[in-house]
Amino acid sequence: MSAEQSPTTASDTRSLMHKQVDRRRALQILFGGLAAGTQAVSACNPLGTKSDEERETSVLAWREYIKGNYRFMTEEERAETIARLERIAKLKRNVDVQIQSTGAQPGVEFGYAFNISKCKGFRSCVEACINENNLDRKAGTQYIRIFEMKNGVVDLDEADATFQHDVPADGHFYMGTQCFQCADPPCVKVCPVGATWAEPDGIVVVDYDWCIGCRYCMAACPYWARRFNWAEPEVPADELNPNQHYLGNRARRAGAVEKCTFCIHRTRQGRLPACAEACPTGARVFGNLLDPNSEIRWVLANKKVFRLKEDLKTEPRFWYFTD
Amino acid sequence: MKRRSVYTAVFSVALASMGAACATERKAEDEHPRLVLAGDTGVRSTIEPGALATVRAESVTWWKGPGGRPFEVTVRTTSPATALTRKFGTITLRTSLRSRAADLGQYPCTSCHLGRAMVLADARVRDAHQNITAVHPVQTGGLCSTCHAADNVELLALKSGERASLDHTYRLCAQCHSQQATAWAGGAHGKRLDGWQGRRVLMGCADCHDPHKPAIEHRIPFRAPQIERTRGVTR
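Dropping the structure here:
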């Protein structure tokens with residue numbers, strides 16, 4: 158979309174005058190007209206300092222600012238916002254990204270199992286996650302946290318998540334946590350604006366542009382699974398993963414909460430999450446809970462499994478098991 | 312004198328042409344190294360070096376076990392030159408140096424093993440296979456011939472008297488590590504490739520474990536998180 162296209166037409170304005178229009182649409186029409194007017198003025202100004210690209214960026218940013226909640230967008234609106242976001246990435250950072258809006262596959266509910274006998278604490282999953290999900294390099298955001306615990310007891314208060322020594326350490330085992338995509342997610346319940354919800358395949362997602370940054374969800378999550386962006390995440394352009402999803406690893410802004418999405422852009426296409434693919438010990442099992450022939454179902458049927466803080470009844474879709 | 316010089320000329324020309332032919336052949340081989348995968352399944356395929364090849368798994372009758380779901384195993388078909396490490400996802404897994412599925416014309420076991428028979432002089436085994444650290448055989452008191460067929464170094468010897476190709480290491484390992492083998496076939500041990508959906512391709516035993524030194528080695532982990540979690544709050 159170029160800056161020359163006027164976002165408001167006479168018919169738009171007429172519809173505003175005579176038809177039933179919701180508040181958001183009215184704002185879009187009115188301020189779209191305002192933006193067009195501003196462009197016209199600045200285009201006439203021979204001393205105008207704004208380049209075409211700057212003007213386009215500001216128009217796109219405004220359009221993005223007044224868009225709706227992803228969950229309630231039509232397919233057309235989703236395509237429009239994705240086109241805008243891709244264009245913004247090109248203008249702002251000169252990167253070509255592809256943002257998907259792939260929906261949940263029917264008959265699929267994702268589940269994850271983590272083998273605490275196998276995990277050696279290498280954090281290869283953490284590294285893969287950072288690269289895959291475009292996590293903020295400056296703040297050092299990590300979705301996955303590996304706890305080093307003394308053999309015999311699961312005690313998260315005593316456990317050390319910041320170990321940095323030769324692993325595996327004697328007399329210890331390792332237990333990874335990330336977002337468990339709970340079936341009864343407390344984070345979703347407390348969100349005052351409906352910016353986070355559970356998708357049909359069980360993935361709890363965040364609309365980063367709808368999030369107001371109140372961080373209630375972070376307080377509600379008993380697993381420390383959510384991360385807050387105090388500043389706009391910084392990812393070097395050559396390390397950016399261009400394969401993105403609107404609800405997953407696309408660019409986040411300052412003041413938005415983010416979290417693990419089981420690599421929604423990969424798993425909805427049948428691939429494994431990056432953490433499971435990178436694990437060098439095979440401690441991570443991922444699959445479809447509704448498929449009786451899946452690995453995850455075999456683990457649940459044949460291994461001793463438990464879930465973290467099960468008494469909270471959050472129903473995590475993430476099980477721990479031992480050999 | 313004259314006759315001798317003619318002979319010399321003819322001979323040198325012949326030599327030169329032979330040399331040139333050899334050189335071109337070698338060059339062509341180097342440019343397009345093709346690996347022939349010859350499992351004992353009778354399935355033959357040609358794969359670029361460095362790629363993963365898939366062999367259909369053969370059932371090991373006594374642990375086919377729960378579900379008995381079909382699965383395939385991958386084998387590394389890296390040529391020895393590139394076999395030390397292999398990129399997998401975003402990490403590099405150690406792989407052992409066996410050229411089990413490599414082009415037989417290029418790296419035959421028989422170039423050292425006369426008539427494919429195993430050479431049992433210990434000192435010479437150490438010299439010839441310096442890449443092997445014999446931790447597992449020492450710990451279990453195993454000999455080369457415990458796992459390798461004495462009369463054919465390109466095959467594995469199973470306790471039943473059967474032979475398995477080097478691609479089907481799980482048949483050998485499952486003889487002792489039955490629990491791991493069951494978990495592997497079920498999906499709790501090892502890794503699945505190609506995603507969670509569709510064709511089920513697993514990594515073979517030797518893709519993660521060096522058969523002669525199977526324990527996963529210690530290492531320094533990737534950097535720790537910089538943001539602390541809240542403590543003293545268990546719920």
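Residue numbers (our numbering), protein chains in the order written: chain W, 158 to 480; chain Y, 312 to 546.
Every residue, glycine too, gets a C-beta built ideally from N, C-alpha and C.
Requested in this report: Could you tell me how far apart the beta carbons of Y373 of chain W and V347 of chain W are, in whole angstroms, since I believe they sit closer than 8 Å?
Outcome: Sure, about 4 Å apart at Cβ, within 8 Å.
Query raised in the report: Is the shortest distance between the beta-carbon of K524 of chain Y and the beta-carbons of chain W less than 8 Å?
Result: No, K524 of chain Y lies away from the interface with chain W (no Cβ there is under 8 Å from its Cβ).
Query - Enclosing beta strand (DSSP E) for K307 of chain W [first to last residue] - result: The continuous beta strand (DSSP E) containing K307 of chain W extends over residues R302 to K307.
Query raised in the report: Per the contact definition of three or more C-beta pairs closer than 8 Å, is the stretch 499-507 of chain Y in contact with the stretch 285-299 of chain W?
Result: Counting Cβ pairs under 8 Å, fewer than three are found: no touch.
**Report entry** C-alpha gap between P430 of chain W and L397 of chain W, whole angstroms
**Finding:** Taking the straight line from one Cα to the other gives about 17 Å.
Query raised in the report: Are there 16 or more other CB atoms within 10 angstroms of the CB of G506 of chain Y, so buried, or fewer, so exposed?
Result: So G506 of chain Y ends up on the buried side.
**Report entry** T438 of chain W to P449 of chain W span [Cα, whole Å]
**Finding:** Looking at the two C-alpha atoms, the distance is approximately 25 Å.
Report task. Excluding the 5 residues preceding and the 5 following E539 of chain Y in the sequence, name in chain order all residues of the same chain whose CB lies nearer than 7 Å to its CB. Result -> No residues qualify anywhere along the chain.
Report task. Measure the C-alpha to C-alpha separation of M332 of chain W and W219 of chain W and round it to an integer number of angstroms. Result -> C-alpha separation (whole angstroms): 44 Å.
Query raised in the report: Which whole-angstrom value is the C-beta distance of K224 of chain W and D314 of chain W, which I expect to be below 8 Å?
Result: That pair is no contact at about 42 Å.
Query raised in the report: Are the beta-carbon atoms belonging to S281 of chain W and C417 of chain W less than 8 Å from one another?
Result: The answer is no: Cβ separation not under 8 Å.
Report task. Assign K207 of chain W to one of three DSSP states: helix, strand, or coil. Result -> In the structure shown, K207 of chain W sits in coil (DSSP, three-state: anything other than H, G, I, E or B).
Query raised in the report: Which value, in whole angstroms, describes the spacing of the CA atoms of Q338 of chain W and R474 of chain W?
Result: The C-alpha of Q338 of chain W lies about 6 Å from the C-alpha of R474 of chain W.
Report task. Could you have a look at E383 of chain Y and say whether DSSP puts it in helix, strand or coil? Result -> Residue state, collapsed to three classes: strand.
Query raised in the report: Taking only beta-carbon atoms, is G260 of chain W less than 8 Å away from chain Y?
Result: No, its Cβ sits nowhere closer than 8 Å to a Cβ of chain Y.
**Report entry** DSSP bridge partner residues for Y477 of chain W (one or two, in chain order)
**Finding:** W:F271 and W:F463.
Requested in this report: Count the other C-beta atoms from every protein chain shown that fall within 10 angstroms of the C-beta of E452 of chain W, then say buried if there are 16 or more, exposed otherwise.
Outcome: Buried is the call here.
Query raised in the report: Got a sec: is the Cβ-Cβ distance from G501 of chain Y to anything in chain W below 8 Å?
Result: Interface residue, yes.
Query raised in the report: DSSP on H329 of chain W, reduced to helix/strand/coil?
Result: Looking at H329 of chain W - three-state DSSP - the assignment turns out to be strand.
Requested in this report: Identify whether R428 of chain W lies in helix, strand or coil by the three-state DSSP scheme.
Outcome: Judged by DSSP in its simplified three-state form, R428 of chain W adopts coil rather than helix or strand.
Query raised in the report: Going along chain Y in order, which residues have a C-beta closer than 7 Å to the C-beta of R280 of chain W?
Result: Chain Y residues near R280 of chain W: P532 and F533.
Query raised in the report: Any Cβ of chain Y within less than 8 Å of the Cβ of L447 of chain W?
Result: Interface flag for L447 of chain W against chain Y is unset, since no Cβ pair is found closer than 8 Å.
**Report entry** Minimum C-alpha distance to T493 of chain Y - residue among W:K460, W:K470 and W:Q257
**Finding:** Closest by alpha carbon: W:K460.
Query raised in the report: Cα separation between V362 of chain W and K524 of chain Y?
Result: Computed Cα separation, rounded: 43 Å.
**Report entry** Three-state secondary structure assigned by DSSP to P391 of chain Y
**Finding:** Model confidence at P391 of chain Y stands at a pLDDT of 37, short of 50, so the residue's coordinates are unreliable and nothing is read from them.
Query - Proximity test, Cβ basis, 8 Å: G515 of chain Y and chain W - result: For G515 of chain Y, the closest Cβ of chain W is not nearer than 8 Å.
Query raised in the report: Nearest-angstrom Cα distance between L248 of chain W and C371 of chain W?
Result: Taking the Cα positions, L248 of chain W is about 29 Å away from C371 of chain W.
Requested in this report: Compute the Euclidean distance between the alpha carbons of E467 of chain W and W476 of chain W, then round it to the nearest angstrom.
Outcome: Each residue's alpha carbon lies about 10 Å from the other.
Query raised in the report: Does any C-beta atom of chain Y lie closer than 8 Å to the C-beta of T319 of chain W?
Result: True, the Cβ-Cβ gap to chain Y drops below 8 Å.
Query raised in the report: Within this structure, are the beta carbons of P448 of chain Y and T480 of chain Y separated by less than 8 Å?
Result: Remark: C-beta atoms of P448 of chain Y and T480 of chain Y do not approach each other more closely than 8 Å.
Report task. Please check if any C-beta of chain W sits within less than 8 Å of the C-beta of H488 of chain Y. Result -> Nearest CB-CB separation between H488 of chain Y and chain W: not below the 8 Å threshold.
Query raised in the report: Does the stretch 265-277 of chain W come close enough to the stretch 385-402 of chain W to have 3 or more Cβ pairs within less than 8 Å?
Result: The stretch 265-277 of chain W vs the stretch 385-402 of chain W: no contact.
Query - Short CB-CB distance (under 8 Å) between P325 of chain W and chain Y - result: Yes, P325 of chain W counts as interfacial toward chain Y.
Report task. Could you tell me the boundaries of the beta strand (DSSP E) in which W354 of chain W lies? Result -> Per DSSP, W354 of chain W belongs to the beta strand (DSSP E) from T353 to A355.
Query raised in the report: Which word fits Y222 of chain W, buried or exposed, when buried means at least 16 other C-beta atoms lie within 10 angstroms of its C-beta?
Result: Result: exposed.
Query raised in the report: Do P393 of chain W and R409 of chain W come within 8 Å of each other at the CB atom, strictly closer than that value?
Result: It is not a contact, given that the beta carbons lie outside the stated cut-off.
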